[in-house]
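Asker: Can you keep this structure in mind? I'll have questions shortly.
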Amino acid sequence: MRIKPLAFALTAAFGMTLAAPAFAQETREFSVSTVLSDAFPWGQAAEKWAELVNERSEGRLTLKVYPNAQLVSGDQTREFSAMRSGLIDMAVASTINWSPQVPELNLFSLPFLMPDEAAIDAITQGSTGEKIFTAIDKKGVMPLAWGENGFRELSNSKHPIDSPEDVQGLKVRVVGSPLFLDTFSTLGANPTQMSWADAKPALTTGAIDGQENPLSVFDVARVDQVGQSYLTLWHYMADPLVFGVNKKVWKSLSEEDQTLLQQAAIDAGAWEIEKSRNELDDTLAAIKERGVEVTELTPEQHQAFVDATAEVYQKWTPRIGAELVAEAQAAIAAR
Ligand code: X2X
């Protein structure tokens, strides 16, 4: 965070009598961390936030976006800690990357909890979402709004996947909390945890066989070019994005600027969610066009994956909070 003494310089130059209220306010710049750049919807969400804040504050507040998790040297699961300690002012972050520090965020990673977009909204836009924000707040970061990375689909370099048996023995890259290791181990895969920065090189060398990410990430990062020829649309989970602010930074803002910052985050998040959902069909068409073999599951095939991963709930429901999980399930059922 930098405070530019512009107001004082101008005041001095023009004399005290010309010190209009606009000049009396300092200009400030804040860092915003993201994992993906503005080539992806995720980075675009952060840039939109920056643009709205700059416009609405008439240039007083500047958000500078640092993509590729560079503020934590690519180690995306350290982002939350870095935000809490003040190394990072703000972030647009995946629930996956913050889940090691905020157990409640593992809710979204429970396999096959959310069947569709309305189910995501039923959680984030309702009382469950509020409770999750309270949990983030208690852990030391001020959450402001939701965005979306998207439903994560499974790709690999070996063969088409339409049953749990097909996943057996595959080396799959995952990130986040150990929940992901459990999901893939339960399916008989060989999951290995690594950052996104390390994933593409590992796919290129064949050190790993597969990965899971939203279609937009698969498409823009050209994951097909590193041998990922098979893609299964299993929608096993979706990671929302959270717009968040370091607590000290938040408290240093006037009430008006807090409102401005939060409203801009809400607007940027809503804009990005709509945009990324609208782009899905075209993205899938582009992926198919490039020769990727895309597998869609029949209801029976889908159910086989649901059954095969059911035990993840037994282990993780107590860690996430039984009440929270039940509330989310009820909200989804009532959507
Ligand atoms: O690392 C990933 O897979 C990514 C880019 O989707 C996240 O940051 C969760």
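Quick note on numbering: the sequence shown equals residues -24 to -1, 1 to 311 in mature numbering (1 follows the signal peptide of the UniProt record, and there is no 0).
Note that the Cβ used here is the ideal one computed from N, Cα and C, for glycine as well.
Can you tell me whether residue -14 is helix, strand or coil according to DSSP?
Answerer: Annotation note: pLDDT 46 at residue -14 (below 50); position unreliable, coordinate value reported separately. In this structure, residue -14 counts as helix in the three-state DSSP scheme.
Asker: Starting from residue 34, trace the beta strand (DSSP E) both ways and give me its first and last residue.
Answerer: Note, residue 34: premise wrong, no beta strand (DSSP E); not H, not E.
Asker: Classify residue 279 as buried or exposed, calling it buried when 16 or more other Cβ atoms lie within 10 Å of its own Cβ.
Answerer: exposed
Asker: Which residue's Cα is closest to the Cα of residue 286: 160, 186, 50?
Answerer: 160
Asker: Any heavy atom of the ligand X2X closer than 8 Å to the Cβ of residue 52?
Answerer: yes
Asker: Locate the alpha helix (DSSP H) running through residue 158, then write down its first and last residues.
Answerer: 155 to 162 is the span of the alpha helix (DSSP H), which, as asked, contains residue 158.
Asker: Express the C-alpha separation of residue 218 and residue 69 in angstroms, rounding to a whole number.
Answerer: 5 Å
Asker: Please output, in chain order, the residues near the ligand X2X using a CB cut-off of less than 6 Å to any non-hydrogen atom of the ligand.
Answerer: 11, 12, 52, 70, 72, 73, 125, 151, 172, 189, 193, 215
Asker: Using CA coordinates, which residue listed in 271, 297, 225, 283 is at the minimum distance from residue 138?
Answerer: 271
Asker: Between the beta-carbon of residue 16 and the beta-carbon of residue 197, is there less than 9 Å?
Answerer: yes
Asker: May I ask you to list the residues that DSSP assigns as paired with residue 271?
Answerer: 208
Asker: Between residue 254 and residue 267, what straight-line distance do the alpha-carbon atoms span, to the nearest angstrom?
Answerer: 22 Å
Asker: According to DSSP, is residue 200 helix, strand or coil?
Answerer: helix
Asker: Which residue from 25, 9, 151 puts its Cα closest to that of residue 245?
Answerer: The shortest C-alpha separation from residue 245 is found at 25.
Asker: With a 10 Å radius around its C-beta and 16 neighbouring C-beta atoms as the bar for buried, classify residue 135 as buried or exposed.
Answerer: exposed
Asker: For residue 121, report the span of its beta strand (DSSP E) as first-last.
Answerer: 117 to 132
Asker: Can the beta-carbon of residue 211 be found less than 9 Å from the beta-carbon of residue 84?
Answerer: no
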